[in-house]
Amino acid sequence: MSLDDRDAHDIGGARVSAFLARVAAEPQRYALFFDIDGTLIEIAPTPDAVVVPAALPDQFRRLARRFGGAVAFLSGRTLAWIDRRFDAVVTAVGALHGIERRTAAGTIERRVPPAGLDLARRTIDSAVAAWPGVLVEDKGLAVAVHYRSVPERGAVVDRLIADLAAGSDGALEALPGKAVAELRTAGAHKGTALEAFLAERPFLGRLPVFFGDDVTDQDGFAAARMHGGVAIAVGRSAREVGADFALPDPVAVRAFVARAVAPVREGETV
Ligand SMILES: O=P(O)(O)OC[C@H]1O[C@H](O[C@H]2O[C@H](CO)[C@@H](O)[C@H](O)[C@H]2O)[C@H](O)[C@@H](O)[C@@H]1O
Ligand SMILES: [Mg+2]
280 MSLDDRDAHD IGGARVSAFL ARVAAEPQRY ALFFDIDGTL IEIAPTPDAV VVPAALPDQF
340 RRLARRFGGA VAFLSGRTLA WIDRRFDAVV TAVGALHGIE RRTAAGTIER RVPPAGLDLA
400 RRTIDSAVAA WPGVLVEDKG LAVAVHYRSV PERGAVVDRL IADLAAGSDG ALEALPGKAV
460 AELRTAGAHK GTALEAFLAE RPFLGRLPVF FGDDVTDQDG FAAARMHGGV AIAVGRSARE
520 VGADFALPDP VAVRAFVARA VAPVREGETV
């Protein structure tokens, strides 16, 4: 696809529909990458309150089979959480924003937790004890501090996480997301995970298409585009996050998934 074919301002318009119809019709040509929260499933008040629609795991099982295994999740969630909620139907997963990765062959790669992570975790716990409504999600190699129910705490949470990252000699990184600030082991992101998949079968030689909703997906968008692929923003303008196209919401992404598991006839749109 040339840049001229892209319309960075077109949310859910004819061009993205035509492009997705092409993707669905050519499963041997494309590799599909999906963010989870805000992309495949709707944002909920707390991390555990999300609903994975009952049909989705089976659709992903069929999608992965139809695309020859070249389907991956790229998420901030842990591998264990993703397997639990999606019945482990997708083998290729870049979890924790890329610092935990399971290849399509099933090999798991994880960064070593830096020495300072435990102390940072304790600092977070004692600070948050004084901030009712702020929620700590401990993910092992990363700690997410959520302030969705107390947005007025956002600035202090962001500052705490930024300070801990700044004092870690590069071992830890701050990653702001949707009503959350994460402190995570440095060394990888969604872009490096996407590239690692593209260097391996069955992703090798395919054009990547990455669906994501957040600024934390921008590294993945950039990597997909650098490899001749396409980035699709969900629920925000494509221009805002460096994507090519935009879809309005997870419903539209799930509609693509449902359609892509069934062959698309020529001239149809998704
Ligand atoms: O990369 P993703 O798959 O999009 O995961 C990003 C983070 O998603 C979760 O937090 C977000 O979703 C929650 C549930 O809807 C919401 O309550 C929270 O405000 C959002 O930030 C998850 O809890 C994090 O661990 C992920 O990193
Ligand atoms: Mg997301």
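In this text, residue positions in the sequence shown follow the working numbering: the first is 280, and each later residue adds one. Glycine residues also receive a C-beta, built at the ideal position from the N, C-alpha and C atoms.
Pairwise C-beta distances place the segment 439-455 out of contact with the segment 357-371, as fewer than three of them are shorter than 8 Å. Judged by pairs of C-beta atoms under 8 Å, the segment 332-340 does not touch the segment 297-308, as fewer than three such pairs exist.
At a threshold of 6 Å, Thr325 counts as near ligand 1, since its beta carbon sits closer than that to one of the ligand's heavy atoms. Straight-line measurement puts the Cα of Lys418 at about 17 Å from the Cα of Leu443. In the DSSP assignment, Arg294 falls within the alpha helix (DSSP H) that extends over Ala293 to Ala304.
With fewer than 16 neighbouring CB atoms inside 10 Å of its own CB, Leu483 falls in the exposed class. Inclusion of Phe490 and Ala503 in the CB contact set at 7 Å is not warranted, their separation being larger than that value. Gly395 and Val302 have their C-alpha atoms roughly 44 Å apart.
For Arg427, the shortest C-beta to heavy atom distance toward ligand 1 is below 6 Å.
Shortest gap from the CB of Ile403 to any heavy atom of ligand 1: 6 Å or more. According to the DSSP assignment, Val513 belongs to the beta strand (DSSP E) that extends over Val509 to Val513. The beta carbons of Ala517 and Ala525 sit closer together than 7 Å. Within the chosen limit of 6 Å, ligand 1 does not reach the beta carbon of Val331 with any heavy atom.
Checking the DSSP bridge columns, you'll see Gly466 has no partner listed. For the options Ala384, Ile315 and Arg389, the alpha carbon positioned closest to that of Pro336 is the one of Ile315. For the 7 Å CB-CB criterion, Leu462 and Ile440 form a contact. CA-CA distance, Leu420 to Val407, rounds to 19 Å. Ala423 carries a strand assignment under DSSP once its states are collapsed to helix, strand and coil.
Here the C-alpha atom of Ala522 lies approximately 12 Å from the C-alpha atom of Gly514. Taking Asp437 as reference, the option from Ala423, Thr464 and Ser428 with the minimal CA-CA separation is Ala423. Excluding its 5 nearest sequence neighbours in each direction, Pro392 has C-beta neighbours in its own chain below 8 Å: Gly419, Leu420 and Thr464, listed in chain order.
Annotation: Pro411 to Pro324 spans about 15 Å, alpha carbon to alpha carbon. With a threshold of 6 Å, the Cβ atom of Gly514 does not count as near ligand 2, since no heavy atom of the ligand is closer than that. In the DSSP assignment, Asp417 falls within the beta strand (DSSP E) that extends over Leu414 to Asp417.
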